[in-house]
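Residue numbers (the numbering used here): 26 to 250.
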């Protein structure tokens, strides 16, 4: 019979995530993790082996719960009917995710990607592996755009670098203002600036933005009541 669990895995992973959020990836120590997770150091090593072990588990959990998973997986992308709509949906979903989960802390993935350097060794490699998946996924979206919606890329301004700048910019701006409507508007405005096709498509999809606005108005009314 296996040894019974000494802790609730979901609770300790949430605590570890909050610790990485608060201290930053590079500065988070095993001591601070053990204290935040409220487990014995021996249990920590038995379950996660190292600081990088828990980081890999926390980041995988975060990616799986985030809209980033859609871009990193061609299989998930295949469920979307058109690649241009996929990008619009991602910006809307990512704006909501940053507002609800980040709450002014940014994005755990993009925060770490910006913070870590090759000197951080294993932690840096963990993030670079996911960055490679994201870059491959975006390349796949761009190839689909060129094939399925050539008007979207006709002027040659839709590139991997442009899309990454939009997403990284949203993640970092959300640390200044995590308002969902503001983030969605910034992201969609930037996407619209890449081609007339996206500008027209986004104008025709104004209803989701209005739904976000109404939701935020209703939320503020409840808070003021």
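For glycine and all other residues, C-beta sits at the position ideal for the given N, C-alpha and C.
Are three or more beta carbon pairs between the segment 208 to 219 and the segment 125 to 138 nearer than 8 Å? No: fewer than three Cβ pairs fall under 8 Å.
Inter-residue spacing [alpha-carbon to alpha-carbon] between residue 116 and residue 68: A direct Cα-Cα distance of roughly 39 Å separates residue 116 from residue 68.
Note down the Cα distance separating residue 82 from residue 220, rounded to an integer number of angstroms. One Cα belongs to residue 82, the other to residue 220, and the distance between them is close to 38 Å.
DSSP on residue 135, reduced to helix/strand/coil? If DSSP states are grouped into helix, strand and coil, residue 135 belongs with the helices.
State buried or exposed for residue 229, treating a residue as buried only when at least 16 other CB atoms are found within 10 Å of its CB. By the neighbour-count criterion, in which 16 or more other beta carbons inside 10 Å mark a residue as buried, residue 229 falls on the exposed side.
Best match in 193, 137, 226 and 159 for proximity to residue 47 [C-alpha to C-alpha]: Of all alpha-carbon atoms in 193, 137, 226 and 159, the one lying nearest the alpha-carbon of residue 47 is that of 137.
What whole-angstrom Cβ distance do residue 166 and residue 108 have, given they're in contact under 8 Å? For residue 166 against residue 108, the beta-carbon gap comes to about 5 Å, under 8 Å, which counts as contact.
When burial is assigned at 16 or more other CB atoms within 10 Å of the CB, is residue 75 buried or exposed? Classified as exposed, residue 75 has fewer than 16 neighbouring CB atoms from the shown chains inside 10 Å of its CB.
Please specify which runs of the alpha helix (DSSP H), each continuous and at least 4 residues long, are wholly inside the segment 56 to 130, giving them in chain order. With a minimum length of 4 residues, the continuous alpha helix (DSSP H) runs that stay inside the segment 56 to 130 are 66 to 73, 76 to 90, 93 to 97, 99 to 102 and 108 to 122.
Below 7 Å between beta carbons: does that hold for residue 124 and residue 175? At the C-beta level, residue 124 and residue 175 stay beyond 7 Å of one another.
For residue 42, which three-state DSSP category applies? The answer is helix: DSSP assigns residue 42 an H, G or I state.
Residue 181: first and last residue of the uninterrupted alpha helix (DSSP H) it sits in: According to the DSSP assignment, residue 181 belongs to no alpha helix (DSSP H), since it is labelled neither H nor E.
Sorry if obvious, but does the Cβ on residue 165 come closer than 6 Å to a heavy atom of the ligand ATP? Within the structure as shown, the ligand ATP is missing, as the structure has no ligands at all.
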